[in-house]
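This report refers to the structure that appears directly beneath it.
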Amino acid sequence: MTNTSVGYAYLLERTDIKALPLQVSARVMPVTKVQLIDNTLATPASLKPSDKILDHILFALKYEDLNFLKHCSKLVQKRS
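Numbering-wise (my numbering), the sequence shown opens with residue 537 and increments by one.
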């Protein structure tokens, strides 16, 4: 389960959203709290969202940069 993408990185990898590359990507890593390590938002396994897109959107809103909202709106428009 380590190094599994979560949040915005998960959405970019598993949807057809076209966006600029992330400066910081969130990943499940062997840590005890959310922390920035180099260009990775290291996230403990206990906070890993389920595989539902909404859960990753909620994770991104809570832990990642709010610039994510621009890209999230593209996903919603494509699914409508």
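Note that the Cβ used here is the ideal one computed from N, Cα and C, for glycine as well.
Note that the structure is predicted; figures quoted are calculated from it, not measured.
- One thing to note: R563 has its Cβ within 7 Å of the Cβ of T576.
- For the pair Q559 and T568, the Cα-to-Cα distance works out to about 23 Å.
- Looking only at A555, S541 and S561, the smallest Cα-Cα distance to D601 is reached by S561.
- Going by C-alpha positions, V570 is about 25 Å away from I553.
- Counting only residues of its own chain and dropping the five nearest sequence neighbours on each side, A578 has a CB closer than 6 Å to the CB of M565, V567 and Q571.
- Boundaries cannot be given for I553, as no alpha helix (DSSP H) includes it and DSSP labels it neither H nor E.
- For H592, the CB contacts under 7 Å within the same chain, skipping 5 residues up- and downstream, are V542, G543, Y546, L547 and P585 in chain order.
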